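Written below as structure tokens is the structure these notes are about.
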């Protein structure tokens, strides 16, 4: 009965693993908050510890990704295109690597930001991490989308969530601008390389929100079929 | 003719035993397909599935299996060709049973999917076309049957798609899915009961000796439908639901309501399967009995001996009771992500199609119809992932079954001719 029986017609759902993956990625992103707390307090041992956690979670996300790619052979008939699912996975994965790269960058040169900038910086960081959390919530709607056959109210609901995420991304870049302005004001009191380093870190935090929006866009593409 | 007078009883006994074994095989082999969706979506436990199958397969076979049995008994072969050599018809039918039964045993052992219907039809056409004459086969009728094998999965697919769409419109795509589920699911139950009853009463019960007028048929069916719906409503009201459901668990509660509905559709599926597949085992047996008991005369219009349908029904039940558990167990953990609402749409569509085919006397493959229905729900973007490769393998194996059954049947036919010195 195995292998070719009627019930083998039902293949393992790829949606659950995608949700598990975004969960791992989001956990990674959330760790940025305590990480930067430690960094801004110049508590480097604690920051290193958090970096270790981030790396561990990123590896976990990777293994989920590998497993998922293996169970997505080309002979599957799904309500969404295989290609769209893989693109979504790629974006989610990109988010995880960005987090890892950011945290490594910060630790390598022991980021130092002028204290007047800290408040604006924290607000900016929070907004960016929030956007990644919103992306996770959107991806979790895949279950409900399947229940409703990718039609109707659920689709409108998800599209609203995506629009909200768009607005959040705009807000992140507004806050980014504030941080950049403040940094510029304090540039002269910083070492040149420190200033460049700071600009780089701010840029990468902003990119997180961009990638989070890309994740949501992939979902919108799936709904557009 | 002499062969029949000397060996008539022996031949009937042989046919009876092989027919019973074939029915056993049908029960053991097909129960997984008929009840699999219900067990896989966790609407039923294995024990409950076997119990339901036992009761409803028997009912379907006995109450609604007559028309298809008639087709297999005398619809495929032109009786005129056997008027002078009735013993060949008897040998042929017994060989067909042996061939189909052995093919079924081998395939089950090796884990190949096999259609019991294709096996027996292939076997009968085989012995008649090769063993007797290509003109002894009613090719028109056979063509119609083969055509129905292509058409019925498509029909089931369309019906499943439509049923799923109505569930979406009425229940899932509303602002109160749970309340709407509780309101509308009893109607689906009633509908299932109505269709099964109506088709059975209009087409099947002649062989049990019951004859109703059209008005009586409709009113009885409606009455049964109402009873089923009421029982369903009561069962729904008894489930414990999570009142603080947010949207995610909200759908979980909706699925719980559909799980109750799946119990009803599982009964329908078992009933439909029994009605269509019992004929694979006892159709040939009925032919043998008819020829022998008429002293070698092949009558165009003969009734089914009273003990034939029950024999087949009991065989199916024995097969599924004894082997079904083992087979269904292998399914249990393998399905992920099949929810009752999808299972119900596919099952009801398949059961409706099969029962309609049984009513019109068409022997079709239950599994093929189920696959068609599942694809229909998949087209409506309702199922997470379907293995197209497996579907292709299933189709290939069914196509292979036709010549396989034919070849085996021809071998046995010549063997029997040799043994009985015809």
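Chains as they are written, first to last, in my numbering: chain A, 1 to 225; chain B, 1001 to 1422. Every residue gets a Cβ at the ideal spot worked out from N, C-alpha and C, and that includes glycine. Here the structure is a predicted model, which is why all the values come from computation and not from measurement.
Check the Cβ of residue i against every Cβ in chain A and list those closer than 8 Å, keeping chain order.
{"i": "residue 1385(B)", "result": "10, 11, 12, 13, 14, 76, 77 and 78"}
{"i": "residue 1168(B)", "result": "148, 149, 151 and 152"}
{"i": "residue 1338(B)", "result": "10"}
{"i": "residue 1040(B)", "result": "7 and 10"}
Hey, residue i and residue j are a contact pair by Cβ (cut 8 Å); roughly how many whole angstroms apart?
{"i": "residue 1278(B)", "j": "residue 1312(B)", "result": "4 Å"}
{"i": "residue 169(A)", "j": "residue 209(A)", "result": "5 Å"}
{"i": "residue 1364(B)", "j": "residue 1149(B)", "result": "6 Å"}
{"i": "residue 1075(B)", "j": "residue 1361(B)", "result": "7 Å"}
{"i": "residue 1127(B)", "j": "residue 1391(B)", "result": "So it is not a contact: roughly 31 Å between Cβ atoms."}
{"i": "residue 89(A)", "j": "residue 110(A)", "result": "Residue 89(A) to residue 110(A), Cβ: 34 Å. No contact."}
{"i": "residue 74(A)", "j": "residue 82(A)", "result": "7 Å"}
{"i": "residue 1403(B)", "j": "residue 1122(B)", "result": "7 Å"}
{"i": "residue 1321(B)", "j": "residue 1050(B)", "result": "6 Å"}
{"i": "residue 1266(B)", "j": "residue 1052(B)", "result": "5 Å"}
{"i": "residue 1100(B)", "j": "residue 1405(B)", "result": "6 Å"}
{"i": "residue 201(A)", "j": "residue 105(A)", "result": "6 Å"}
Of all the CB atoms in chain A, is at least one closer than 8 Å to the CB of residue i?
{"i": "residue 1423(B)", "result": "As shown, chain B starts at 1001 and ends at 1422. That puts residue 1423(B) outside it, with no answer to give."}
{"i": "residue 1178(B)", "result": "no"}
{"i": "residue 1388(B)", "result": "yes"}
{"i": "residue 1104(B)", "result": "no"}
{"i": "residue 1391(B)", "result": "yes"}
{"i": "residue 1272(B)", "result": "no"}
{"i": "residue 1113(B)", "result": "yes"}
{"i": "residue 1276(B)", "result": "no"}
{"i": "residue 1311(B)", "result": "no"}
{"i": "residue 1251(B)", "result": "yes"}
{"i": "residue 1371(B)", "result": "yes"}
{"i": "residue 1036(B)", "result": "yes"}
{"i": "residue 1378(B)", "result": "yes"}
Just to confirm the assignment, what range does the alpha helix (DSSP H) spanning residue i have?
{"i": "residue 193(A)", "result": "192-223"}
{"i": "residue 1068(B)", "result": "1066-1070"}
{"i": "residue 1298(B)", "result": "Looking at the DSSP string, residue 1298(B) is not in any alpha helix (DSSP H), and its letter there is neither H nor E."}
{"i": "residue 998(B)", "result": "Outside the modelled stretch of chain B, which goes from 1001 to 1422, sits residue 998(B), for which no answer is possible."}
{"i": "residue 1307(B)", "result": "Where residue 1307(B) is concerned, there is no enclosing alpha helix (DSSP H), given that its DSSP letter is neither H nor E."}
{"i": "residue 60(A)", "result": "44-70"}
{"i": "residue 1106(B)", "result": "1086-1110"}
{"i": "residue 1417(B)", "result": "1388-1419"}
{"i": "residue 34(A)", "result": "32-40"}
{"i": "residue 1020(B)", "result": "1002-1040"}
{"i": "residue 1126(B)", "result": "1116-1126"}
Mind pulling the chain A residues with CB within less than 9 Å of residue i?
{"i": "residue 1145(B)", "result": "Chain A residues near residue 1145(B): none, gap ~21 Å exceeds 9 Å."}
With a threshold of 8 Å between beta carbons, is residue i in contact with chain B?
{"i": "residue 7(A)", "result": "yes"}
{"i": "residue 221(A)", "result": "no"}
{"i": "residue 3(A)", "result": "For residue 3(A), the pLDDT reaches just 49, beneath the cut-off of 50, and the residue's location in the model is therefore unreliable, leaving the point undetermined."}
{"i": "residue 156(A)", "result": "no"}
{"i": "residue 212(A)", "result": "no"}
{"i": "residue 97(A)", "result": "no"}
{"i": "residue 144(A)", "result": "yes"}
List the residues of chain A that residue i touches, going by C-beta distances under 7 Å, in chain order.
{"i": "residue 1173(B)", "result": "148, 151, 152 and 153"}
{"i": "residue 1381(B)", "result": "79, 149 and 150"}
{"i": "residue 1367(B)", "result": "6"}
Using a Cβ cut-off of 9 Å, pull out every chain B residue sitting near residue i, in sequence order please.
{"i": "residue 198(A)", "result": "In chain order: nothing, as chain B lies at least about 41 Å away."}
Determine, for residue i, whether the minimum Cβ-Cβ distance to residues of chain D falls below 8 Å.
{"i": "residue 1032(B)", "result": "No chain D is present in this structure, whose protein chains are A and B."}
For the ligand MG, I want to know if residue i counts as a neighbour, meaning its beta carbon is within less than 7 Å of at least one of the ligand's heavy atoms.
{"i": "residue 144(A)", "result": "Of the ligands one can find in the structure shown there are none, so the ligand MG has no counterpart to examine."}
| task | Would you list, in sequence order, the uninterrupted alpha helix (DSSP H) runs of no fewer than 4 residues that lie entirely inside the region 1140-1221 of chain B? | result | 1177-1199
| said: I'd like the ranges of any alpha helix (DSSP H) spanning at least 4 consecutive residues and lying wholly in the region 103-180 of chain A. | reply: 118-140 and 142-147
| said: Runs of 4 residues minimum, wholly inside the region 1317-1385 of chain B: which ones carry the alpha helix (DSSP H) assignment? | reply: 1340-1359 and 1366-1379
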